[in-house]
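2 protein chains.
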Amino acid sequence: MPSARGRNLTFTEEARRAQLLDVTTELVADHGYAATSLGRIAESAGITKAGVLYHFPSKQALVEAAHARVLSELVEAVGAAVDAAGPADAPAAYIRAMVGHLRERPRHVRMIVEAMTSVAPLTDSKARWSAVADLIAAARDARRLTGEVDLRSAALVIGGGIDAIVSESLGDPEYDAAAAAELLVSVVERGLL
Amino acid sequence: MPSARGRNLTFTEEARRAQLLDVTTELVADHGYAATSLGRIAESAGITKAGVLYHFPSKQALVEAAHARVLSELVEAVGAAVDAAGPADAPAAYIRAMVGHLRERPRHVRMIVEAMTSVAPLTDSKARWSAVADLIAAARDARRLTGEVDLRSAALVIGGGIDAIVSESLGDPEYDAAAAAELLVSVVERGLL
DNA sequence: GTCTATAAACGGATAGAC
DNA sequence: GTCTATCCGTTTATAGAC
Numbered sequence: 001m002p003s004a005r006g007r008n009l010t011f012t013e014e015a016r017r018a019q020l021l022d023v024t025t026e027l028v029a030d031h032g033y034a035a036t037s038l039g040r041i042a043e044s045a046g047i048t049k050a051g052v053l054y055h056f057p058s059k060q061a062l063v064e065a066a067h068a069r070v071l072s073e074l075v076e077a078v079g080a081a082v083d084a085a086g087p088a089d090a091p092a093a094y095i096r097a098m099v100g101h102l103r104e105r106p107r108h109v110r111m112i113v114e115a116m117t118s119v120a121p122l123t124d125s126k127a128r129w130s131a132v133a134d135l136i137a138a139a140r141d142a143r144r145l146t147g148e149v150d151l152r153s154a155a156l157v158i159g160g161g162i163d164a165i166v167s168e169s170l171g172d173p174e175y176d177a178a179a180a181a182e183l184l185v186s187v188v189e190r191g192l193l
Numbered sequence: 001m002p003s004a005r006g007r008n009l010t011f012t013e014e015a016r017r018a019q020l021l022d023v024t025t026e027l028v029a030d031h032g033y034a035a036t037s038l039g040r041i042a043e044s045a046g047i048t049k050a051g052v053l054y055h056f057p058s059k060q061a062l063v064e065a066a067h068a069r070v071l072s073e074l075v076e077a078v079g080a081a082v083d084a085a086g087p088a089d090a091p092a093a094y095i096r097a098m099v100g101h102l103r104e105r106p107r108h109v110r111m112i113v114e115a116m117t118s119v120a121p122l123t124d125s126k127a128r129w130s131a132v133a134d135l136i137a138a139a140r141d142a143r144r145l146t147g148e149v150d151l152r153s154a155a156l157v158i159g160g161g162i163d164a165i166v167s168e169s170l171g172d173p174e175y176d177a178a179a180a181a182e183l184l185v186s187v188v189e190r191g192l193l
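In order, the protein sequences belong to chains A and B.
Going by UniProt numbering, 122 is the number at position 122 of the first sequence; the sequence numbering is gapless.
Going by UniProt numbering, 58 is the number at position 58 of the second sequence; the sequence numbering is gapless.
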């Protein structure tokens with residue numbers, strides 16, 4: 001597979017890049033974007049600033065790459081769960097997969113938040129809610145129900161609810177996020193939303 | 001009223017502080033915490049960096065003060081709306097007041113987000129959801145209903161839903177946030193949640 | 001009360017050796 | 001591929017004049 005550098009990568013180069021994405025995700029998640037300097041990234045990876053900049057053209061490019069990798073992992077996991085469920089159960093599967101995946105990856109959550117607020121503030125919100133809205137519409141269809149509520153608002157509330165549940169379980173590992181996810185599922189299944 | 005500086009403030013000093021809180025809120029909301037230097041704050045206020053640091057001991061203290069002012073304005077407005085409503089209607093009043101207040105103050109929203117992620121990452125989430133949980137419990141009591149769902153999770157989902165609605169209306173002023181708020185209200189009134 | 005001037009450190013990024 | 005060395009801009013904060 002060709003890479004972003006326009007040629008094939010050696011194995012060691014590939015390994016370095018993966019390592020840099022790892023340490024960047026960890027540092028940005030734990031200390032924030034602003035507090036994560038190239039120097040700290042280099043130190044954590046065991047090389048120098050210049051060494052880091054050989055693999056990625058800039059700090060921003062590196063952080064964006066780390067962000068993209070975290071995001072693609074999420075959409076892959078959730079997508080698989082949704083596909084495994086039938087259309088009628090897709091919304092429930094989505095909620096459970098999102099909460100389940102993110103709750104187990106606190107650093108991924110913080111990485112996403114940090115990247116959204118510090119490097120990609122213009123992330124298109126529609127990309128997220130419209131996917132959920134489609135799931136709800138398909139589920140209604142599969143169950144031969146006529147929806148009463150606005151799909152966009154329903155999808156937004158579901159997304160916000162998921163975020164709040166995940167965020168809470170990050171701060172309090174004792175919190176039963178799975179039960180909270182079921183609460184959200186029950187609301188969706190009962191028609192509102 | 002005694003001030004944080006331990007003595008009474010002159011009128012001009014009070015005015016300067018208020019002006020600095022204003023410009024700081026504006027700059028942090030528009031450009032983010034990291035991109036808001038003391039130099040830019042000073043320039044916007046028409047004084048110098050050293051002048052700013054006479055009024056506030058550090059950049060962080062200034063931003064925290066601006067954050068606190070925005071927050072207290074929010075809790076005052078929402079608190080008044082909740083108090084004006086009866087206990088039975090308090091949850092609905094809370095949702096409407098939150099969405100209404102924040103939708104009209106995009107910069108306050110961004111200021112709060114920026115401060116939460118960059119200067120006060122350890123904000124106690126319980127302070128927010130427990131207040132909402134209390135409102136729901138009191139409303140159930142006033143309506144002689146027995147709640148079935150976990151109050152904490154219900155409060156979290158409501159809060160997350162409000163955040164998502166407000167955030168969406170920030171990015172798309174055409175979006176009918178008031179209607180979305182009514183959707184959330186109807187969910188609460190119908191028992192779940 | 002606000003300024004000038006400056007300290008002292010840190011940031012990202014580049015050039016070129018090896 | 002990674003390093004050393006360095007540049008240059010920017011940052012917060014302080015000292016002391018006015």
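We put the CB at the ideal spot given by N, CA and C, even for glycine.
Close beta carbons around residue i, own chain, < 8 Å, minus the five adjacent residues each side
i                     : result
residue 142 (chain B) : 86, 87, 88
residue 137 (chain A) : 147, 151
residue 192 (chain B) : 148, 149, 154
Nearest-angstrom Cβ-Cβ length linking residue i and residue j, presumed shorter than 8 Å
i                     : j                     : result
residue 84 (chain A)  : residue 188 (chain A) : Not a contact, Cβ separation roughly 18 Å.
residue 28 (chain B)  : residue 114 (chain B) : 5 Å
residue 106 (chain B) : residue 170 (chain B) : 5 Å
residue 159 (chain B) : residue 45 (chain A)  : Not confirmed; about 38 Å, so no contact.
residue 81 (chain B)  : residue 153 (chain A) : Between residue 153 (chain A) and residue 81 (chain B) the Cβ distance is about 21 Å, and since that is not below 8 Å, they are no contact.
residue 162 (chain B) : residue 78 (chain B)  : So it is not a contact: roughly 10 Å between Cβ atoms.
residue 119 (chain A) : residue 73 (chain A)  : Between residue 73 (chain A) and residue 119 (chain A) the Cβ distance is about 18 Å, and since that is not below 8 Å, they are no contact.
residue 139 (chain B) : residue 90 (chain B)  : 6 Å
Residue i in three-state terms, based on DSSP
i                     : result
residue 21 (chain A)  : helix
residue 192 (chain B) : coil
residue 103 (chain A) : helix
residue 145 (chain A) : coil
residue 182 (chain A) : helix
residue 33 (chain A)  : coil
residue 176 (chain B) : coil
residue 10 (chain B)  : coil
residue 124 (chain B) : coil
residue 28 (chain B)  : helix
residue 202 (chain B) : What is shown of chain B runs 1 to 193, which leaves residue 202 (chain B) out entirely.
residue 119 (chain B) : coil
Endpoints, the alpha helix (DSSP H) within which residue i is located
i                     : result
residue 163 (chain B) : 151-171
residue 83 (chain B)  : 59-84
residue 52 (chain B)  : 49-55
residue 42 (chain B)  : 38-45
Same chain only: Cβ atoms within 6 Å of residue i, ignoring 5 sequence neighbours per side
i                     : result
residue 4 (chain A)   : Because the pLDDT at residue 4 (chain A) is just 48, under 50, the model does not fix this residue reliably, and the point stays unresolved.
residue 95 (chain A)  : 181, 184, 185
residue 17 (chain B)  : 55
residue 14 (chain A)  : none
residue 144 (chain A) : none
residue 39 (chain B)  : 49
residue 97 (chain A)  : 78, 81
Spatial neighbours of residue i in its chain, beta-carbon cut-off 7 Å, leaving aside the 5 residues before and after
i                     : result
residue 109 (chain B) : 102, 166, 170
residue 70 (chain A)  : 25, 108, 111, 112
residue 128 (chain B) : 159
residue 175 (chain A) : 168, 169
residue 33 (chain A)  : 63, 114, 118, 119
residue 35 (chain B)  : none
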